[in-house]
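Trainee: Numbering (this note's numbering), first residue to last: 8 to 312.
Using N, Cα and C, we set each Cβ at its ideal position, and we do this for glycine too.
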Ligand code: GDP
Ligand code: ZN
């Protein structure tokens with residue numbers, strides 16, 4: 008039987024197959040050549056399972072080749088890596104311009120990472136119910152900016168169901184990964200999209216602001232009208248990509264487009280002459296905040312805050 012892994016906690020797995028969730032274990036080892044993966048089977052994996060009559064627990068016997076996966080490398084020097092999730096159709100960053108405010112630097116790093124993984128991406132601006140006019144204006148500008156680049160934007164409130172129809176449509180029959188800072192309303196939002204789910208939500212606390220989390224496992228939730236959300240509670244970074252300075256602009260689509268007209272093929276778009284990106288910046292074709300994020304990634308600054 009074929010199914011999709013919805014949860015993985017060490018050696019226990021949940022697999023959605025034949026219309027229900029089946030507890031599973033793995034048999035033997037699955038390996039990816041060249042990297043030392045700490046978790047062989049991950050949320051999003053399509054797997055074959057074997058459920059023997061009389062058993063409650065099935066065995067995962069095969070993993071279908073992954074279309075993509077996002078990975079987190081260990082902070083220490085070991086070559087170990089942890090796959091966060093696989094087979095993602097869309098990656099959405101849940102952000103809010105109010106509290107706790109998400110910086111454009113964080114959004115841009117998320118989007119550039121998605122580009123590096125070749126995963127379509129977009130932005131959810133949450134807490135629309137408490138935007139004042141100035142913030143509405145600001146979000147509108149961001150929506151236009153990111154929309155032009157090709158990122159779908161949703162302005163929503165988890166408190167107002169009527170704001171969610173466009174997002175609901177975009178999620179239909181897709182595997183969508185939700186990521187975002189703690190406190191932006193990701194759990195509240197998923198609870199509204201999936202009635203009856205009841206993920207734990209919490210008041211914004213010291214914990215949120217310090218970025219302290221309890222769980223670190225991704226989990227997949229089935230949407231009532233088809234499709235899945237992969238929630239990444241406590242996973243601060245959306246995969247780890249070591250950006251090669253020469254390639255950072257490849258992951259800023261609007262800059263990449265212009266860069267074909269730079270005088271130097273290896274232009275870093277910082278101080279070179281006849282740089283089409285710098286010219287675009289001057290002319291307002293490239294936004295200042297996007298350019299600042301680009302430079303920040305180029306300089307390897309931590310803009311996760
Ligand atoms: P998470 O850490 O991103 O999962 O955030 P939670 O879902 O736990 O929400 C954090 C806080 O933000 C809670 O107090 C929620 O009630 C609040 N919140 C979530 N969504 C909204 C929203 O759309 N509007 C307002 N005003 N508050 C929200
Ligand atoms: Zn250039």
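(1) At a cut-off of 7 Å, is residue 137 close to ligand 1 when judged by its beta-carbon and the heavy atoms of the ligand?
(2) Hey, which unbroken runs of the alpha helix (DSSP H) at 4 residues or more fall wholly within the segment 42 to 124?
(3) What I want to know is whether the C-beta of residue 196 ends up closer than 7 Å to one or more non-hydrogen atoms of ligand 1.
(4) Please report the residue range of the beta strand (DSSP E) in which residue 227 lies.
(5) What is the rounded straight-line gap between the Cα of residue 167 and the Cα of residue 201?
(6) Answer yes or no: the CB of residue 255 versus the heavy atoms of ligand 2, is any distance below 7 Å?
(7) I need the boundaries of the beta strand (DSSP E) containing residue 24, first residue and last residue.
(8) Report the partner residues of residue 31 according to the DSSP bridge assignment.
(9) With a cut-off of 5 Å, give the chain-ordered residues whose Cβ is closer than this to any heavy atom of ligand 2.
(10) On the three-state DSSP scale, how would you describe residue 163?
(11) From residue 235 to residue 65, what does the alpha carbon distance come to, in whole angstroms?
(12) Please classify residue 141 as buried or exposed, where buried requires at least 16 neighbouring CB atoms within 10 angstroms.
(13) Can we count residue 210 as close to ligand 1, meaning its CB is less than 7 Å from some heavy atom?
(14) Roughly how many whole angstroms lie between the Cα atoms of residue 310 and residue 58?
(15) Within 8 Å, do at least three Cβ pairs link the segment 284 to 291 to the segment 91 to 103?
(16) Does the beta-carbon of residue 80, which I'm using as the reference point, lie nearer than 7 Å to any heavy atom of ligand 1?
(17) Using CA atoms only, rank isn't needed, just tell me which of 256, 196, 53 and 190 is closest to residue 178.
(18) Expressed to the nearest angstrom, what Euclidean distance is found between the alpha-carbon atoms of residue 187 and residue 272?
(19) Taking the continuous beta strand (DSSP E) assigned at residue 235, which residues delimit it?
(20) How is residue 287 classed by DSSP in three states: helix, strand or coil?
(21) Just confirm the distance between the C-beta atoms of residue 174 and residue 161, as a whole number of angstroms; I'd bet it's less than 8 Å.
(22) Relative to ligand 1, is the shortest distance from any of its heavy atoms to the C-beta of residue 19 smaller than 7 Å?
(23) So, under 8 Å CB-CB, residue 95 and residue 126 are touching, yes? Tell me the CB distance rounded to an integer number of Å.
(24) Only counting the same chain, and skipping five residues up and downstream in sequence, which positions put a Cβ closer than 7 Å to that of residue 192?
(25) Can you tell me whether DSSP reads residue 311 as helix, strand or coil?
(26) Give the straight-line distance between the Cα atoms of residue 27 and residue 70, rounded to the nearest whole angstrom.
(27) If you follow the beta strand (DSSP E) that residue 183 is part of, which residue opens it and which one closes it?
(28) Quickly, what does DSSP pair residue 130 with across the bridge? List them, please.
(29) Going by the beta-carbon positions, is the gap between residue 129 and residue 97 smaller than 8 Å?
(30) Short of 7 Å in beta carbon distance, which residues of its chain neighbour residue 266, apart from the five on each side in sequence? Order them along the chain.
(31) Can you list the alpha helix (DSSP H) stretches of 4 or more residues lying completely in the segment 244 to 278, in chain order?
Mentor: If we stick to the structure as given:
(1) Ligand 1 approaches residue 137 closely enough that one of its heavy atoms is under 7 Å from the residue's Cβ.
(2) 111 to 123, all fully within the segment 42 to 124.
(3) Here the distance from the Cβ of residue 196 to the nearest heavy atom of ligand 1 is below 7 Å.
(4) Start and end: 226 to 229.
(5) The alpha-carbon of residue 167 is positioned some 14 Å away from that of residue 201.
(6) No, the Cβ of residue 255 stays beyond 7 Å of every heavy atom of ligand 2.
(7) Unbroken beta strand (DSSP E) run through residue 24: 19 to 24.
(8) Bridge partners of residue 31: 20 and 65.
(9) Residues with their Cβ less than 5 Å from any non-hydrogen atom of ligand 2, running along the chain, are 269, 274, 276, 282 and 284.
(10) Coil, per DSSP.
(11) Between residue 235 and residue 65, the C-alpha separation is close to 22 Å.
(12) Residue 141 should be labelled exposed.
(13) With a threshold of 7 Å, the Cβ atom of residue 210 counts as near ligand 1, since some heavy atom of the ligand is closer than that.
(14) Annotation note: pLDDT 46 at residue 310 (below 50); position unreliable, coordinate value reported separately. In a straight line, the C-alpha of residue 310 is about 46 Å away from that of residue 58.
(15) Fewer than three beta-carbon pairs drawn from the segment 91 to 103 and the segment 284 to 291 are found closer than 8 Å, and the two stretches are therefore not classed as touching.
(16) Shortest gap from the CB of residue 80 to any heavy atom of ligand 1: 7 Å or more.
(17) The residue among 256, 196, 53 and 190 with its C-alpha nearest the C-alpha of residue 178 is 196.
(18) Their backbone Cα atoms lie some 35 Å apart in a straight line.
(19) Per DSSP, residue 235 is one residue of the beta strand (DSSP E) stretching across 235 to 238.
(20) Three-state DSSP puts residue 287 in a helix.
(21) Going by Cβ atoms, the distance from residue 174 to residue 161 rounds to 5 Å, so yes, they are a contact pair.
(22) Of the heavy atoms belonging to ligand 1, none sits nearer than 7 Å to the Cβ of residue 19.
(23) The pair is a contact, with the Cβ atoms about 5 Å apart (cut-off 8 Å).
(24) Excluding sequence neighbours, residue 192 sits near 101, 103, 133, 134 and 165.
(25) Per-residue confidence for residue 311 stands at a pLDDT of 46, beneath the threshold of 50, marking its modelled position as unreliable; no derived number is given.
(26) When only Cα atoms are considered, residue 27 and residue 70 end up about 19 Å apart.
(27) Looking at the DSSP string, the run of the beta strand (DSSP E) that includes residue 183 is 182 to 186.
(28) Partner(s): 100 and 160.
(29) Contact: yes.
(30) Here the set comprises 256, 274, 276, 283 and 284.
(31) Within the segment 244 to 278, the complete alpha helix (DSSP H) runs of at least 4 residues are 260 to 266.
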